[in-house]
Amino acid sequence: MQYRELGRTGWKVSEISFGCWAIGGSWGQVEDSESAAALHKAIELGVNFFDTADVYGDGRSERLLAKLRKEYGDKIHIATKAGRRLSPHTPEGYNRKNLTDFVERSIKNLDVEAVDLLQLHCPPVQVYYMPEVFGALDELVKAGKIRYYGVSVEKVEEALKAIEYEGVQTVQIIFNMFRQRPAELFFEQAKKRKVGILARVPLASGMLAGKLKKDTSFAADDHRNFNREGQAFDKGETFSGVDYETGLKAVEELKDICPKGISMVQFALRWILMNEAVTCAIPGVKRPAQAEQNFAASDFAPLSDEVMAKVRGIYDRHIRESVHHRW
Ligand SMILES: NC(=O)c1ccc[n+]([C@@H]2O[C@H](COP(=O)([O-])OP(=O)(O)OC[C@H]3O[C@@H](n4cnc5c(N)ncnc54)[C@H](OP(=O)(O)O)[C@@H]3O)[C@@H](O)[C@H]2O)c1
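If you're matching positions, the sequence shown starts at 58 in this note's numbering and goes up one per residue.
This is the structure:
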């Protein structure tokens, strides 16, 4: 496992880190014993950074991480998120009182004195135009409740606005073979300001793993079933917003250019790491076998210019038209 510096935090985090949404909920049934085994396997493979949220399984994912934290202490860093407990999910909800309450709840779930990294959880766009929200986060840092803070965004424009706030250490954004726009302008700006980048949904919700078929079915409580059209949250979070069959077609072409000796998952993760502005990719992992495959991708050789150009070509032909301007 290779490590990269996360913003100005001074932490060196595993360039492939652990996305903990699926071990909380919304991805069909998961067993805590299997999730715990996947988390331990990840640590064995050098992973030291975990991304979760207070709403993943209503704290279930945070509580699983609390056990890990007890074992490994400060050797690991845990990023969580706040905001999605708000109902309705309004900009006004991102006030000092609510943010403090959310942080206190995460502190309890994670069983820590302070949250390592708190991210605003894809807030409404207006929040980026409310300096008082970032002021409240600065106060939480001063009060010792959070060490650092960042944002998780839907759109490139939100990311560009967010990094105008000095305290923002990290931006989490969808970046994968089906979502290439962040690399155009945002990455350069983030690099200039030494802002860390967490590349989320790196496998386009598992589609880039190359195992999905036209007739694959998903459990009723899996967002790949219930959020295809954005019924529950932003459409872009499910298969990166790419139409299912279009995605399958593009994946077939990606399979043809996947370098020998690596799997499609590793190809997709390696592609992300080719961009040095990215701090880490955070694939979702449910089982130890997935951990083994995903975290090994850090040690593979860089992709050739030729392969990179071909991936770009596949994106341009199949994906660009429906996603590029939207996120
Ligand atoms: N708004 C936000 O802030 C936000 C939104 C989305 C995600 N995130 C973060 O980003 C992380 C990653 O995104 P994601 O989990 O949505 O999507 P992802 O990483 O693109 O896809 C994860 C899914 O891919 C499949 N997979 C993983 N490893 C595999 C392997 N080796 N072989 C075959 N299939 C494999 C698994 O599903 P199956 O085994 O069920 O097929 C897994 O649940 C999340 O866990 C979360 O931490 C944040």
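Where is the CB? At the ideal position from N, CA and C, for every residue including glycine.
Bear in mind that the values here come from a model prediction, so they are computed numbers and not experimental data.
Using the rule of at least 16 other Cβ atoms within 10 Å of the residue's Cβ for burial, across every protein chain shown, is Asn351 buried or exposed?
-> Asn351 comes out buried.
Assign Asn166 to one of two classes, buried (16 or more other C-beta atoms within 10 Å of its C-beta) or exposed (fewer than that).
-> Around the beta carbon of Asn166, 16 or more other beta carbons sit within 10 angstroms, so the residue counts as buried.
Inter-residue Cα distance where the pair is Lys367 and Ser361 = Rounded to whole angstroms, Lys367 to Ser361 spans 10 Å at the Cα level.
Quick check: the stretch 95-106 against the stretch 282-300, are there 3 or more CB pairs under 8 Å?
-> no
Closer than 6 Å: is that where the CB of Arg236 sits relative to any heavy atom of ligand 1?
-> Shortest gap from the CB of Arg236 to any heavy atom of ligand 1: 6 Å or more.
Could you say which of Val299, Asp173, Arg374 lies nearest to Trp384 if we only look at CA atoms?
-> Among Val299, Asp173, Arg374, the Cα nearest to that of Trp384 is on Val299.
Following the continuous beta strand (DSSP E) through Lys212, name the residue where it begins and the one where it ends.
-> Element bounds for Lys212: n/a, residue is neither H nor E.
Note the first and the last residue of the continuous beta strand (DSSP E) segment covering Val172.
-> Run containing Val172: 172-178, per the beta strand (DSSP E) assignment.
Could you have a look at Arg204 and say whether DSSP puts it in helix, strand or coil?
-> Correct three-state label for Arg204: strand.
How many whole angstroms separate the CB atoms of Leu326 and Pro259, which I take to be in contact at a CB cut-off of 8 Å?
-> 6 Å
Is Ser209 near ligand 1, judged by its Cβ being under 6 Å from some heavy atom?
-> yes
What do you reckon, are the CB atoms on Lys138 and His178 nearer than 7 Å?
-> yes
To which residues of the same chain is Gly369 closer than 8 Å at the C-beta, ignoring the five residues directly before and after it?
-> Note on identity: in this sequence residue 369 is Arg, with Gly being the wrong assignment. Within the same chain, Arg369 has close Cβ partners Gln237.
Where Arg117 falls, given that 16 or more other Cβ within 10 Å makes a residue buried | buried
The stretch 102-119 contacting the stretch 180-187, beta-carbon criterion three pairs below 8 Å = no
Neighbourhood of Thr147 by C-beta distance below 8 Å, restricted to the same chain and skipping five residues each side | Pro181
Cα-Cα separation, Pro316 to Glu310 | 12 Å
Just the Cα atoms here: how many angstroms apart are Phe106 and Met331?
-> Each residue's Cα considered, the two are about 19 Å apart.
C-beta atoms of Arg257 and Ile329 nearer than 7 Å = no
Coil, strand or helix - Val70 by DSSP | strand
Kindly say whether Thr137, judged by its beta-carbon, lies nearer than 7 Å to any beta-carbon of chain C.
-> Absent from the structure is chain C; it holds one protein chain and no more.
Alpha helix (DSSP H) segments (min. 4 residues) lying fully within the stretch 239-317 | 243-249, 280-283, 301-314
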